[in-house]
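FYI, in the working numbering the residues of the sequence shown are 4 to 81.
Think of the CB as a built atom: it goes at the ideal place given N, C-alpha and C, for glycine as much as any other residue.
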Amino acid sequence: MTGKVLDCRGMNCTGPLMATAKQIQKLKPGDLLEVWVDDLASEFDLPAWCQQAGHTLVSKEIRDDYYSYLIRKKGSSV
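If you want it as structure tokens, here you go:
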């Protein structure tokens with residue numbers, strides 16, 4: 004299992020979601036993607052997208068001036 008960081012700070016609504024969807028396609032099932040965002044809409048968009056797409060939202064942290072979401076790509080890593 005590997006992990007990658009996607010920095011979406013400075014992007015506006017739908018930008019972080021589109022970038023996350025594109026990046027997660029490049030990962031293997033079970034891999035982790037950490038997404039950094041400062042767009043307030045992401046608080047609703049990313050969890051809803053994870054649920055709809057079947058990915059797991061592992062954690063959400065509030066850091067200094069942005070949110071950090073840890074997402075596990077759907078599927079088995081075995």
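**Asked** Thinking C-beta only, is valine 40 closer than 8 Å to arginine 66?
**Response** no
**Bounding residues of the alpha helix (DSSP H) (the contiguous stretch that carries glycine 18)** = 18-28
**Request:** Classify aspartate 10 as helix, strand or coil using the three-state DSSP reduction.
**Result:** strand
**Message:** Please report the straight-line C-alpha distance between glutamate 64 and tyrosine 70, rounded to a whole angstrom.
**Reply:** 6 Å
**Asked** So what does tryptophan 39 bridge to, in DSSP terms?
**Response** Asp10, Ser71
**Request:** State yes or no: is the C-beta of leucine 9 within less than 8 Å of the C-beta of threonine 23?
**Result:** yes
**Asked** Would lysine 76 pass as a contact of leucine 43 if the rule is Cβ separation under 8 Å?
**Response** no
**Residue burial classification, proline 32 (beta-carbon count within 10 angstroms, cutoff 16)** = exposed
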